[in-house]
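Asks: Next up is a structure, given as structure tokens.
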Amino acid sequence: MQKTLALVAHDHKKPELIRWSLEHKAELEKHHLVATGTTGGLLQESLNLPVTRYKSGPLGGDQQIGALIAEGKLDALIFFWDPLNPAPHDPDVKALLRLCSVWNLPVACNTSTADMLITSPLFIEGLYERAVPEF
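Taking the UniProt record's numbering, the leading residue of the sequence shown gets 1, the next gets one more, and so forth.
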């Protein structure tokens, strides 16, 4: 079952995301990949796979990914954010992670969790169901 996966990384984490993506290319190539600006370009070049690229995170890309979550058009977020270096768009990062919690979207913020997510039978076979928030 093809899913839409968002791959996002802050500057200091981009090499780590590229390494992780290369290790999991066989699984990633089964899915529709989306990413924020620079990260998307690096992934496209490294993986030789199509990647839908949105704006750079600080220029609205994080919010574009957030819109996909709110519209039910995203199945998982792999977001290697950098907790040790503050970013000017930290409020956007917090909002993106908040949406993942609100919409019960699988999110991985490091290689360990990303490994578990991408290899999980629940994810691969589509056996999990996302909750719709109750207001």
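Just so you know, even glycine gets a beta-carbon here, dropped at the ideal spot from N, CA and C.
Since we're looking at a predicted model, the values are computed, not measured.
(1) Using CA atoms only, rank isn't needed, just tell me which of Glu134, His31, Leu7 and His32 is closest to tryptophan 20.
(2) Beta-carbon separation of aspartate 62 and histidine 32 under 8 Å?
(3) Hey, is the segment 26 to 44 in contact with the segment 1 to 16, meaning 3+ C-beta pairs nearer than 8 Å?
(4) Buried or exposed: which applies to aspartate 11, given that a residue is buried once 16 or more other Cβ atoms fall within 10 Å of its Cβ?
(5) Write down the C-beta distance between leucine 49 and isoleucine 18 rounded to the nearest angstrom, noting that I regard them as a contact closer than 8 Å.
(6) Does the pairing of the segment 53 to 70 with the segment 90 to 100 give three or more beta-carbon distances under 8 Å?
(7) How should proline 106 be labelled, buried or exposed, when 16 other C-beta atoms within 10 angstroms of its C-beta is the threshold for buried?
(8) Where does histidine 12 sit, in a helix, a strand or coil, going by DSSP?
(9) Please check the pair alanine 76 and lysine 3, which I expect to be a contact at CB under 8 Å, by giving their CB distance rounded to whole angstroms.
(10) For the alpha helix (DSSP H) that contains alanine 67, what are its first and last residues?
(11) Identify whether alanine 131 lies in helix, strand or coil by the three-state DSSP scheme.
(12) What is the DSSP secondary structure of threonine 4, counted as helix, strand or coil?
Replies: This is what the structure gives:
(1) On the sequence shown, position 20 is the one that residue 20 refers to. The residue with the shortest Cα to Cα distance from tryptophan 20 is Leu7.
(2) The sequence position of residue 62 within the sequence shown is 62, counting from 1. The sequence position of residue 32 within the sequence shown is 32, counting from 1. Result no, Cβ atoms of aspartate 62 and histidine 32 do not sit closer than 8 Å.
(3) yes
(4) Stepping through the sequence shown from its first residue, residue 11 is reached at position 11. When all chains shown are included, aspartate 11 counts as exposed.
(5) Within the sequence shown, residue 49 is the residue found at index 49, counting from 1. Within the sequence shown, residue 18 is the residue found at index 18, counting from 1. No, leucine 49 and isoleucine 18 are not in contact; Cβ-Cβ is about 12 Å, not under 8 Å.
(6) yes
(7) Within the sequence shown, the letter at position 106 stands for residue 106. Per the 10 Å Cβ criterion, buried.
(8) Position 12 of the sequence shown, counted from the start, is the residue given in the question as residue 12. Helix.
(9) The count along the sequence shown starts at 1 and reaches residue 76 at position 76. The count along the sequence shown starts at 1 and reaches residue 3 at position 3. At roughly 7 Å, the Cβ-Cβ gap stays under 8 Å, so alanine 76 and lysine 3 are in contact.
(10) Numbered from its first residue, the sequence shown carries residue 67 at position 67. From DSSP, the alpha helix (DSSP H) with alanine 67 extends over 61 to 70.
(11) What you label residue 131 is simply residue 131 of the sequence shown in a count that begins at 1. Three-state result, alanine 131: coil.
(12) Walking along the sequence shown from the start, residue 4 turns up at place 4. Here threonine 4 sits in strand by DSSP.
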